[in-house]
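The working numbering puts the last residue of the sequence shown at 262; the count rises by one with no breaks.
Below: the structure, in structure tokens.
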Amino acid sequence: MELIHKTAIIEPTAVIGKNCKIGAYSYVGPNVVMGDDNEVGMHAVIEGNTTIGRGNKFFTGAVIGSLPQDLKYAGEKSYLVVGDNNQFREYVDVNVAVGEGAKTIIGSGNLFMVYVHVAHNCVIHDRAVLANCATLAGHVTLENNVIVGGLAGVHQFVKVGTYAMIGGLSKITMDVMPYCTADGRDEIKICGLNTVGLTRAGFDKESVSALKKAYKIFFRSGLTKVEAVAKICETFDTSKFKLVSSFVEFAKTSERGILR
3 MELIHKTAII EPTAVIGKNC KIGAYSYVGP NVVMGDDNEV GMHAVIEGNT TIGRGNKFFT
63 GAVIGSLPQD LKYAGEKSYL VVGDNNQFRE YVDVNVAVGE GAKTIIGSGN LFMVYVHVAH
123 NCVIHDRAVL ANCATLAGHV TLENNVIVGG LAGVHQFVKV GTYAMIGGLS KITMDVMPYC
183 TADGRDEIKI CGLNTVGLTR AGFDKESVSA LKKAYKIFFR SGLTKVEAVA KICETFDTSK
243 FKLVSSFVEF AKTSERGILR
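Shown next as structure tokens:
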């Protein structure tokens with residue numbers, strides 16, 4: 003059963019799944035495809051070439067699928083793809099991509115708090131938490147289980163590794179290694195491992211201990227990135243220690259440079 007308020011505007015070509023609730027004065031555009039069990043709050047806007055999974059909640063004033071805030075955008079057909087069970091709190095803004103056929107992608111189980119901005123071509127994996135007023139510039143990638151503190155800003159093309167945590171008010175201009183915390187005001191730096199997040203995730207002590215040793219080699223040995231990666235691979239069987247393996251792989255594939 004569709005539960006659509008009489009003041010909501012749903013374009014005729016929009017596709018709405020079963021058991022969706024659409025609140026007063028909200029708008030769903032003509033190219034929106036929405037799965038089952040979604041909730042759209044009052045005065046929310048879902049527009050653009052946007053495909054949404056199931057079980058998402060869009061709170062009052064959220065604007066999802068809006069045009070990119072990029073002067074390069076010239077009206078080409080681009081997309082936003084949203085997974086399942088995300089929460090977009092009040093006044094969150096998520097843009098479609100720049101580039102013909104390109105996509106902004108959001109996975110599942112993420113929480114976007116009030117006034118979060120997700121710019122064009124971002125890729126957000128699963129279970130991220132972005133606190134109030136956090137801002138992602140274009141082409142940012144957040145891997146699984148990332149936390150971004152309130153009022154933090156992430157520069158375009160930056161990649162943030164799994165289980166990383168970014169402190170509030172931070173300005174992130176380089177890639178953040180997995181499992182690490184980044185914080186600071188005038189000088190942003192890596193402050194250590196996200197031990198709280200690792201503990202809550204239930205990783206075993208042996209894996210965390212190996213990761214701590216790899217962290218020290220990478221950040222505190224005075225070695226270059228290439229030297230540190232080689233040293234870690236000499237020290238550990240990365241096929242056995244999955245945390246170390248993903249740590250090393252992220253370092254190898256970083257294109258923007260790694261925050262230290």
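Using N, Cα and C, we set each Cβ at its ideal position, and we do this for glycine too.
Annotation note: the stretch 25-71 contains the following uninterrupted beta strand (DSSP E) runs of length 3 or greater, listed N- to C-terminal: 51-54 and 65-68. When DSSP states are grouped into helix, strand and coil, Gly224 belongs to the coil group.
Here the alpha carbon of Thr240 sits roughly 43 Å from the alpha carbon of Val34. Lys105 and Ala16 have their alpha carbons spaced roughly 19 Å apart. Contact check between the stretch 95-111 and the stretch 69-79: three or more CB pairs, one atom from each, fall below 8 Å, which counts as touching. Taking all protein chains in view, the Cβ of Ile11 is surrounded by fewer than 16 other Cβ atoms within 10 Å, so the residue is classified as exposed. One Cα belongs to Ala139, the other to Tyr217, and the distance between them is close to 28 Å. Three or more Cβ pairs closer than 8 Å define a contact, and the stretch 221-240 falls short of that threshold against the stretch 154-171. Shown here, Thr106 sits in a strand according to DSSP, grouped into three states.
Tyr93 has its alpha-carbon roughly 32 Å from the corresponding atom of Ile260. For Thr197, the enclosing alpha helix (DSSP H) begins and ends at Thr197 to Ala203. An exposed status is given to Asp206, since fewer than 16 other beta-carbon atoms sit within 10 Å of its beta-carbon.
Shown here, Leu153 sits in coil according to DSSP, grouped into three states, outside any helix or strand.
In this structure, Asn123 is the residue among Asn123, Lys173 and Val228 with its C-alpha nearest to the C-alpha of Lys74.
Annotation for Ser256: Asp177 place their beta carbon closer than 6 Å to its own, counting only its chain and skipping 5 residues before and after. The three-state secondary structure of Phe238, taken from DSSP, is coil.
Here the alpha carbon of Asp39 sits roughly 48 Å from the alpha carbon of Ala230. The DSSP-derived three-state label of Leu132 is strand. Distance between Phe61 and Val42, taken at the CA atoms: about 6 Å. The beta-carbon separation of Asn51 and Val120, rounded to 16 Å, does not stay under the 8 Å limit for a contact. A Cβ-Cβ distance of about 6 Å is found for the pair Leu213 and Tyr181, placing them in contact under the 8 Å criterion. A straight line joining the alpha-carbon of Ser68 with that of Ala46 spans about 12 Å. Beta-bridge partners assigned by DSSP to Ile192: Ala184.
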